[in-house]
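Below: the structure, in structure tokens.
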Amino acid sequence: MNDLHVTVETTIDGEDIELFHGLYEEAFGPLRTEAAARQVLYRAEFLAEMGDSRVLKYVARTRTGEPVGITTLTKHLETVPWISPEYFIARYPDHAARAAIYYAGFTLVAPSVRQGAAFHVMIESVVRVLVAERAAVGWDICSYNNTRFSFADGIRAVLEEQADVEVAVEDSQTYYAARFFGTGAMKGG
């Protein structure tokens, strides 16, 4: 872990934004066909998030300053278009009164360091803030990532090794589809 350090940045631009967009596409792109809900930001949305100072970027860097991972975190819930800020405010009114409700958007780690400490050092930096504020934080994981990679269990384990925390499923949504077949005529008519 000594080889990596985390910087907290309000905006990402230049070569770093292209590096992270490439990693983002590599990590999340396959979800376009694996999850019913849209899991992947369009390029313009990704660029806007990287430029939005309300969304903090926890960037893992090597000793030489090369970025190898990023985690996004915000207490400005309105910056997360796929959630309902009112939901979290209603469930965590004490936290809302203290402006201590956060949402973790995504975490990316470069393939060259996926088996290393980058994920842990970024999450530890985020957890430090959440513990200090006695915060509530939300995040989402699609069922594909939970089933295939057990992300929920992994995140829970990391959080529990770093802090006194209670993790619970807040909500779920099941997508349905109907496929019609036959002659094309209504039944009984």
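The numbers in my numbering rise by one with no breaks, and the one at position 36 of the sequence shown is 37.
We put the CB at the ideal spot given by N, CA and C, even for glycine.
For residue j and residue i, the rounded distance between their alpha carbons
| i | j | result |
| --- | --- | --- |
| Asp4 | Val110 | 15 Å |
| Lys58 | Lys188 | 56 Å |
| Trp140 | Arg39 | 15 Å |
| Arg44 | Glu27 | 13 Å |
| Val7 | Gln174 | 34 Å |
| Tyr104 | Glu46 | 17 Å |
| Ala169 | Arg157 | 9 Å |
| Glu35 | Tyr145 | 6 Å |
| Gly185 | Ala179 | 14 Å |
| Leu48 | Asp172 | 28 Å |
| Leu1 | Glu162 | Coverage of the chain is limited to positions 2 through 190, which leaves residue 1 absent and any answer about it impossible. |
| Trp83 | Leu42 | 11 Å |
| Val114 | Ala37 | 30 Å |
| Ser85 | Leu78 | 8 Å |
| Met2 | Ala118 | Because the pLDDT of Met2 is 47, which lies under 50, any placement of that residue in the model is unreliable, and the number read from its coordinates should be weighed accordingly. The straight-line gap from Cα to Cα measures roughly 6 Å. |
| Thr108 | Gly70 | 7 Å |
| Arg129 | Glu87 | 25 Å |
| Val166 | Arg64 | 31 Å |
Short Cβ contact (7 Å threshold) for residue i with residue j
| i | j | result |
| --- | --- | --- |
| Thr75 | Val56 | yes |
| Ser54 | Thr80 | no |
| Val132 | Ala100 | no |
| Asp17 | Pro68 | yes |
Classification of residue i by the beta-carbon crowding that lies within 10 angstroms, buried from 16 upward
| i | result |
| --- | --- |
| Glu181 | Position check: residue 181 holds Phe in this sequence, whereas Glu was assumed. Burial call: exposed. |
| Gly1 | Since the displayed the chain opens at 2 and closes at 190, residue 1 lies outside it and no answer follows. |
| Thr72 | buried |
| Tyr177 | exposed |
| Gly106 | buried |
| Glu120 | Position check: residue 120 holds Phe in this sequence, whereas Glu was assumed. The residue is buried, with at least 16 neighbouring Cβ atoms inside 10 Å. |
| Pro112 | exposed |
| Ala137 | buried |
| Thr148 | exposed |
| Glu50 | buried |
| Val9 | exposed |
| Pro31 | exposed |
Chain D within 7 Å of residue i, Cβ atoms only
| i | result |
| --- | --- |
| Pro94 | The chain labelled as chain D is not found in the depicted structure, where only one protein chain is given. |
Contact between the stretch 118-127 and the stretch 86-97 (3+ Cβ pairs under 8 Å): Short answer: they don't touch.
Every unbroken alpha helix (DSSP H) within the stretch 87-134, with a cutoff of 4 residues, ordered by chain: 94-98, 119-133
Start-end ranges of the alpha helix (DSSP H) lying completely within the stretch 44-73, minimum 4 residues: 44-52
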